[in-house]
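K.L.:
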Amino acid sequence: MADNYSQTRRPNNVNIIEIADTPEFFEDTSFVTGDSPATLDANAALGRNATQGYIKNDGAGNFTVAFSTDGTTFGDAITMKNGETLDFVNISVDSLKLVWISDSSYRVSVI
8 MADNYSQTRR PNNVNIIEIA DTPEFFEDTS FVTGDSPATL DANAALGRNA TQGYIKNDGA
68 GNFTVAFSTD GTTFGDAITM KNGETLDFVN ISVDSLKLVW ISDSSYRVSV I
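Per the numbering used here, the sequence shown starts with residue 8, numbered consecutively.
1. Based on DSSP bridge pairs, tell me the residues matched to V104.
2. With respect to the beta strand (DSSP E) encompassing F33, which residues constitute its N-terminal and C-terminal limits?
3. Could you spell out where the beta strand (DSSP E) holding I85 opens and where it closes?
4. Could you give the first and the last residue of the continuous beta strand (DSSP E) run that contains T58?
5. Thinking C-alpha only, which one of K63, S111, T79 and F33 is nearest A52?
6. Taking buried to mean at least 16 other C-beta atoms within 10 Å of its own C-beta, is G60 buried or exposed?
7. Could you tell me which residues DSSP pairs with S116 in its beta bridges?
8. Go through its chain and collect everything with a Cβ distance to G68's Cβ below 6 Å, but skip five positions before and after it.
Structure (structure tokens):
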């Protein structure tokens, strides 16, 4: 038996509209030893943990970055070299910790 009711009541086109949160940005154009470590609190900036974003090394030097899901325990550090960008998606990020290796600069965006 055909299900005529559900076929006649189903809309032809459904447009799913996503309401995106406003991204939050962190930047230091002169990341030097006295600025280290820099803990970037995505949860405080967004009101929740970030789920995607990027870290970009804009400077001549290097730094490390580590992710935390709870703001206190950080995972292994990843070295970011000049010109590198690290994109992340589908992970829960409360905070990022950047540690100076040599003078550099960074841009970070989280959403």
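For each residue, glycine too, the CB sits at the ideal point set by N, CA and C.
P.N.:
With the given structure in hand:
1. Translated into the one-based positions of the sequence shown, residue 104 becomes position 97. Note that residue 104 is Lys in the sequence shown here, rather than Val. Per DSSP, T46 and A73.
2. The residue labelled residue 33 in the question sits at position 26 within the sequence shown. Unbroken beta strand (DSSP E) run through F33: E31 to F38.
3. Residue 85 sits at position 78 when you count from the first residue of the sequence shown. Segment I85 to M87, the beta strand (DSSP E) holding I85.
4. The residue you call residue 58 lines up with position 51 of the sequence shown. In this chain, the beta strand (DSSP E) harbouring T58 covers A57 to N64.
5. Residue mapping note: residue 52 aligns to position 45 of the sequence shown, counting from 1. If we check each option's Cα against that of A52, F33 comes out closest.
6. Translated into the one-based positions of the sequence shown, residue 60 becomes position 53. Buried, by the Cβ-count rule.
7. Mapped onto the sequence shown, residue 116 falls at position 109. DSSP lists F32 and Y61 as partners of S116.
8. Mapped onto the sequence shown, residue 68 falls at position 61. Excluding the 5 residues flanking it on each side, G68 has same chain C-beta neighbours closer than 6 Å at S109, D110 and S111, in chain order.
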